[in-house]
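The numbering used here numbers the first residue of the sequence shown as 6 and each following residue consecutively.
For glycine and all other residues, C-beta sits at the position ideal for the given N, C-alpha and C.
First up is the structure itself, then whatever we jot down about it.
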Amino acid sequence: MKDMNHFFIQKTTAGKIVKSFRTNFNITQQEMSDVIGISSTNLSAIENDRRELGVDLATRIGAFLGINPSLLLFPNGQDDALQKHRGIIKKAEKLKAKKLKKVI
Numbered sequence: 006m007k008d009m010n011h012f013f014i015q016k017t018t019a020g021k022i023v024k025s026f027r028t029n030f031n032i033t034q035q036e037m038s039d040v041i042g043i044s045s046t047n048l049s050a051i052e053n054d055r056r057e058l059g060v061d062l063a064t065r066i067g068a069f070l071g072i073n074p075s076l077l078l079f080p081n082g083q084d085d086a087l088q089k090h091r092g093i094i095k096k097a098e099k100l101k102a103k104k105l106k107k108v109i
């Protein structure tokens, strides 16, 4: 479990979380991939951050690891995820304000 302590202190990725949990329990990629229903190649891609997780896969992996899938979908929190899209947020706010003025 010592490898997992740093996840709550510094920025991390879903892949690092999956790999850390899996290796802490001495589970092979093949064993885990057989249970969650994906190839070991896909699991390797996830662990090395070459494949993003969708809700379904995050849910299956979360169930396997015994963690909430939101930890995998938002490894650094939802606020961090939203901050990456500040430009979209600002443009949307301007557009909504403009449309609201037309209605009023």
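Practice item. Would you tell me roughly how many angstroms separate the C-alpha atoms of F69 and S49, rounded to the nearest one? Key: Numbered from its first residue, the sequence shown carries residue 69 at position 64. Numbered from its first residue, the sequence shown carries residue 49 at position 44. If I take the Cα positions, the gap works out to 16 Å.
Check your understanding: Span of the alpha helix (DSSP H) holding F36?
Key -> Counted from its first residue, the sequence shown places residue 36 at position 31. The sequence as given places Glu at residue 36; Phe does not occur at that position. From DSSP, the alpha helix (DSSP H) with E36 extends over Q34 to I41.
Check your understanding: Between H90 and A19, what straight-line distance do the alpha-carbon atoms span, to the nearest angstrom?
Key -> Position 85 of the sequence shown, counting from 1, holds the residue named residue 90. Position 14 of the sequence shown, counting from 1, holds the residue named residue 19. If you take the alpha carbons of H90 and A19, they lie about 19 Å apart.
Check your understanding: Terminal residues of the continuous alpha helix (DSSP H) containing G67?
Key -> Locating residue 67 in the sequence shown gives position 62, counting from the first residue. That run of the alpha helix (DSSP H) goes V60 to L70.
Point to revise | Residues near L78 in its chain [Cβ-Cβ closer than 6 Å; skip 5 each side] | key: Your numbering for residue 78 matches position 73 in the sequence shown. For L78, where only same-chain residues beyond five positions count, the Cβ hits under 6 Å are A63.
Check your understanding: Which of the three DSSP states, helix, strand or coil, is assigned to R145?
Key -> Outside the shown range of the chain (6 to 109) lies residue 145, about which nothing can therefore be said.
Exercise for review: Return no unless some Cβ of chain D is closer than 8 Å to the Cβ of S45.
Suggested key: This model lacks chain D altogether, as it is built from one protein chain only.
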